[in-house]
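Residue numbers (the working numbering): -5 to 133.
A virtual CB, placed ideally from N, CA and C, is assigned to each residue, including glycine.
Below is one structure, written out as structure tokens, with a few remarks after it.
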């Protein structure tokens, strides 16, 4: 996340981290480094759905959620969901589907390529996606 925030292109992109780690020091550090929030696995389906909606509503109210055009005029923006777990990607996409056009990626390399072509409103990412590789951000 620190490397992601050091890139001018990505420093203001709201990021929600999804992690299997529950160490409070690590979670606190992620938020200090600029994560909008951290969600830990395993999770309760209703709880994570409610938290994602709350996070996005809070970001929109604070003016930190990028307003990007979505293909459907009823959408609030676009979300990029990056995680190696396909079931989790589908679940997060379904949580966001009513108000955000979502794109799913398995790896950080795919996600960075997508970010170079499109601007996303929010990034929901797992910690094991390889997205934070410094060499990728400098390309």
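Minimum C-alpha distance to residue 50 - residue among 13, 76 and 8: Looking only at 13, 76 and 8, the smallest Cα-Cα distance to residue 50 is reached by 8.
C-alpha gap between residue 79 and residue 2, whole angstroms: Cα to Cα, residue 79 sits roughly 28 Å from residue 2.
Same chain, Cβ closer than 6 Å to residue 114, five either side skipped, listed in chain order: Result list for residue 114: 72 and 74, in chain order.
Whole-angstrom C-beta distance between residue 19 and residue 121, which should lie under 8 Å: Rounded, the Cβ-Cβ distance is 14 Å, inconsistent with contact.
Whether residue 119 touches residue 77 by CB criterion (9 Å): For residue 119 and residue 77, yes; Cβs fall inside 9 Å.
Under the three-state DSSP convention, the category residue 24 falls into: Correct three-state label for residue 24: helix.
Endpoints, beta strand (DSSP E) assigned at residue 120: Annotation for residue 120: the continuous beta strand (DSSP E) segment containing it runs 116 to 120.
Enclosing alpha helix (DSSP H) for residue 41 [first to last residue]: Per DSSP, residue 41 belongs to the alpha helix (DSSP H) from 39 to 56.
Status (buried if at least 16 other CB within 10 Å, exposed otherwise) for residue 111: By the neighbour-count definition (other C-beta atoms within 10 Å, threshold 16), residue 111 is an exposed residue.
Delimiting residues of the alpha helix (DSSP H) encompassing residue 135: It is not possible to answer for residue 135, since the shown part of the chain is limited to -5 through 133.
Straight-line gap, residue 64 to residue 107 (C-alpha atoms, nearest Å): The predicted model places residue 64 with a pLDDT of 49, which falls under 50 and marks its position as unreliable; any figure quoted below should be read in that light. Taking the straight line from one Cα to the other gives about 18 Å.
Limits of the unbroken beta strand (DSSP E) element including residue 29: Counting along the chain, no beta strand (DSSP E) covers residue 29, and no H or E run does either.
Reference residue 81; option with closest CA among 48, 92, 39 and 5: It is 39 whose Cα lies nearest to the Cα of residue 81.
Cα-Cα separation between residue 36 and residue 95, rounded to whole angstroms: One Cα belongs to residue 36, the other to residue 95, and the distance between them is close to 25 Å.
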